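Structure, as structure tokens:
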DNA sequence: TTGTACGCGTTATCAA
DNA sequence: TTGATAACGCGTACAA
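Residue numbers (my numbering), protein chains in the order written: chain A, 2 to 337; chain B, 2 to 337.
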């Protein structure tokens with residue numbers, strides 16, 4: 002079955018293609034009666050405008066790209082869901098650009114996709130959003146983009162973020178208020194900006210409570226389950242065990258839970274464990290995990306909205322900060 | 002910076018645009034020396050062909066669509082990863098079509114995307130692959146597609162699947178061989194074909210071992226953690242508790258683990274638990290989960306490859322069956 | 001308020 | 001082996 006074109010619609014409605022175009026694009030200056038005739042014709046033919054044709058003819062492709070790199074299935078899924086939801090509202094199509102396993106071909110690939118697909122702009126999520134070389138290259142190409150949680154403001158593009166540092170402080174304060182004093186921290190990958198902020202928040206709050214920095218045991222992890230498990234084993238082998246462990250993300254916290262189970266350490270009676278992100282695992286492990294809810298979906302939704310506004314030429318705020326909140330579940334309690 | 006076009010390349014190479022086109026598309030009948038000149042020009046200009054233009058002019062868009070609907074973040078992530086990997090190999094771009102939350106607008110939406118984007122074909126994953134009405138509509142539109150794990154072969158399109166029934170039989174046999182006789186089964190959503198196959202495999206193997214069907218307690222779940230938790234609570238409240246529980250997927254098995262922990266039932270000494278899928282959670286829960294590895298990534302990779310062959314007009318096998326394997330972890334053992 | 005004619009960057013036809 | 005030129009389906013000047 003041949004694809005319906007604007008000519009078919011114009012013929013059926015008895016107008017020129019330009020008028021059909023006007024109706025499609027909600028331009029003013031079309032007589033209501035004419036508009037209705039055209040709309041009826043479009044409906045009858047089940048007409049769908051050709052994106053490639055619009056893209057070629059007009060400057061705009063009505064296509065935007067979402068650029069991401071691994072973090073985790075849940076993170077990617079939430080980011081995508083947020084972006085998809087916003088696009089669906091506005092009739093924009095989303096092009097996904099996964100940079101997983103791309104290595105140093107990343108920049109080249111992203112630029113190629115931009116040129117090939119004619120996307121109108123990009124939403125860039127961490128850690129790619131902190132790739133300065135890419136940002137500079139995109140800027141040189143004149144690409145419009147919005148970044149999620151970058152580690153700088155070197156570029157004038159809008160930024161959407163949450164306050165990782167304040168959130169980490171809040172969680173730390175919560176553990177301190179429960180009565181914990183020896184609190185272990187499992188840090189995330191130092192090349193992720195949010196990891197650094199979370200560690201900073203932890204340290205500052207500890208200091209604010211006058212805790213001796215020596216009783217702060219900070220172990221380095223790499224954001225995955227295994228590294229959380231190993232870091233916790235090291236901490237629990239220590240003579241002065243912590244009574245609480247705060248992991249920089251949920252996956253590592255889930256690893257910490259396993260390490261405690263292995264050693265027969267009861268959670269939360271003998272050891273409190275807290276995570277960060279509020280991903281799916283937080284509700285699946287036993288005991289369920291106290292954590293910080295990171296509004297990933299909302300951040301992607303907001304970033305996508307900003308990008309679309311930007312493309313339309315609207316003014317948008319340079320920084321959008323979204324709220325987090327603590328989710329208290331079963332893995333934390335006062336020390337024995 | 003203006004986008005480079007085929008004219009720029011042609012001018013620099015001192016040939017016509019048609020020749021550049023020939024080189025790009027690996028058509029034969031171009032003198033090697035000419036080809037090299039053109040390739041050098043393309044490289045020098047960092048030329049990227051315009052997808053919309055190719056799509057309009059030629060019949061092909063070099064774009065394929067991946068259609069999916071929720072299942073889970075991990076499932077979607079793996080499917081995407083497989084499809085992306087295959088596309089990357091072949092210079093094809095992937096368009097994602099999430100049908101989550103689309104309800105009865107699903108068919109309309111998918112058809113609209115096909116018409117608008119001019120994708121050359123679709124890879125359709127379950128449960129959408131079993132949506133007969135959609136399949137019929139796509140067929141009527143003459144759309145090329147490959148289905149993953151559909152529940153029928155009503156349509157002649159190629160199918161990629163794994164043998165859920167045999168896998169479930171294998172897991173059941175494993176539990177029986179360990180010495181279990183009272184085995185509980187947590188069934189998945191009956192509207193998912195694979196759920197029905199897994200239940201069938203469980204039942205057949207039990208029967209093959211001459212187990213009295215009354216000692217088969219089958220509880221209905223809906224594929225999520227919570228339903229696995231509740232189903233297990235019901236089973237464990239029973240006077241004749243099972244000594245092993247086989248859940249139709251990992252999420253429900255993770256729920257079963259929590260239920261056992263809540264009641265102080267030791268895993269695996271007092272209760273063995275097995276899952277299905279080998280998703281990320283299987284390695285994160287404690288104890289780690291014995292499960293069946295479902296080759297989701299490979300299935301998507303294969304399906305994408307088949308689709309691309311199909312688009313090229315090649316012959317492809319009607320059914321591609323991929324292998325599974327059992328992953329023995331810590332959640333199963335002989336009964337006490 | 002509506003229509004005509006041209007151009008967007010490719011591929012395809014056919015001639016050279 | 002190559003090239004001129006006409007599509008592809010739509011947006012945009014500009015004219016009516």
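Backbone N, C-alpha and C define an ideal beta-carbon position, used for all residues, glycine too.
Keep in mind that this is a model prediction, so the values were computed, not measured.
query                                                                                                                                                                                : result
Identify whether residue 81 (chain B) lies in helix, strand or coil by the three-state DSSP scheme.                                                                                  : helix
For residue 211 (chain B), is the classification buried or exposed, using 16 other Cβ atoms within 10 angstroms of its Cβ as the cut-off for buried?                                 : exposed
Answer yes or no: do residue 339 (chain A) and residue 46 (chain A) have a C-beta to C-beta separation smaller than 7 Å?                                                             : Nothing can be reported for residue 339 (chain A), as the shown portion of chain A is limited to 2 through 337.
So what does residue 95 (chain B) bridge to, in DSSP terms?                                                                                                                          : B:65
Is it buried or exposed for residue 151 (chain A), if we count other Cβ within 10 angstroms and need 16 for buried?                                                                  : buried
With three or more C-beta pairs closer than 8 Å as the rule, is the stretch 263-279 of chain A touching the stretch 112-126 of chain A?                                              : no
From residue 245 (chain B) to residue 236 (chain A), what distance separates their C-alpha atoms?                                                                                    : 35 Å
Could you check whether the Cβ of residue 255 (chain A) sits closer than 7 Å to any Cβ belonging to chain B?                                                                         : yes
Residues of chain B with CB under 7 Å from residue 116 (chain A), in chain order?                                                                                                    : 4 and 49
Pick out whichever of A:64, A:193, A:188 and A:100 has its Cα sitting closest to the Cα of residue 230 (chain A).                                                                    : A:188
Using a Cβ-Cβ cut-off of less than 9 Å, give me the residues of the stretch 265-293 of chain B that come near chain A, in sequence order.                                            : 280, 281, 282, 284, 285, 286, 287, 288 and 289
Check each candidate in A:256, A:11, A:13 and A:169 and name the one with the smallest Cα separation from residue 234 (chain A).                                                     : A:256
So, using beta-carbon positions, are residue 23 (chain B) and residue 16 (chain B) closer together than 7 Å?                                                                         : no
Could you compute how far the alpha carbon of residue 100 (chain A) sits from the alpha carbon of residue 77 (chain A)?                                                              : 12 Å
Would a check of beta-carbon distances place residue 108 (chain B) closer than 7 Å to chain A?                                                                                       : no
Under DSSP, the alpha helix (DSSP H) around residue 24 (chain B) begins and ends at which residues?                                                                                  : 18-25
Run through the stretch 150-211 of chain A for me and flag every whole beta strand (DSSP E) of 3 or more residues, listed as ranges in chain order.                                  : 160-163 and 184-188
Rounded to the nearest angstrom, how far is the Cβ of residue 171 (chain A) from that of residue 300 (chain A), given a contact under 8 Å?                                           : The pair is not a contact, with the Cβ atoms about 18 Å apart (cut-off 8 Å).
Can a CB atom of chain B be found closer than 7 Å to the CB of residue 260 (chain A)?                                                                                                : no
Listed in chain order, which residues of the stretch 53-66 of chain A have Cβ atoms closer than 8 Å to some Cβ of chain B?                                                           : 53, 54, 56, 57 and 62
Measure how close the beta-carbons of residue 286 (chain B) and residue 286 (chain A) come, nearest whole angstrom, since I'm counting them as under 8 Å.                            : 7 Å
Name, please, each residue of chain B whose Cβ falls closer than 8 Å to the Cβ of residue 99 (chain A).                                                                              : 81, 82 and 85
Quick one, are the C-beta atoms of residue 303 (chain A) and residue 161 (chain A) less than 7 Å apart?                                                                              : yes
I need the boundaries of the beta strand (DSSP E) containing residue 261 (chain B), first residue and last residue.                                                                  : Segment 251-263 is the alpha helix (DSSP H) holding residue 261 (chain B); no beta strand (DSSP E) there.
Would a C-beta distance cut-off of 7 Å place residue 288 (chain A) and residue 331 (chain A) closer than the cut-off?                                                                : yes
Return no unless some Cβ of chain A is closer than 7 Å to the Cβ of residue 129 (chain B).                                                                                           : no
May I have the straight-line CA-CA distance separating residue 109 (chain A) from residue 93 (chain A), to the nearest angstrom?                                                     : 25 Å
Determine, using beta carbons only, whether residue 219 (chain B) comes closer than 7 Å to chain A.                                                                                  : no
Between which residues of its own chain and residue 50 (chain A) is the CB-CB distance below 8 Å, once the five residues before and five after are set aside?                        : 7 and 25
With a threshold of 6 Å on Cβ separation, who are the neighbours of residue 123 (chain A) within its own chain once the five nearest residues in sequence on each side are excluded? : 66, 68 and 146
How many Å lie between residue 163 (chain A) and residue 203 (chain A) at the Cα?                                                                                                    : 16 Å
Under a three-way DSSP split, which group does residue 313 (chain B) fall into?                                                                                                      : helix
Do residue 298 (chain B) and residue 73 (chain B) have their CB atoms nearer than 7 Å?                                                                                               : no
Out of curiosity, what's the CA-to-CA distance linking residue 11 (chain A) and residue 135 (chain B)?                                                                               : 29 Å
Whose CA, out of A:52, A:19 and A:53, lies closest to the CA of residue 39 (chain A)?                                                                                                : A:19
Verify the CB distance criterion: does residue 133 (chain B) have a CB-CB separation below 7 Å to chain A?                                                                           : no
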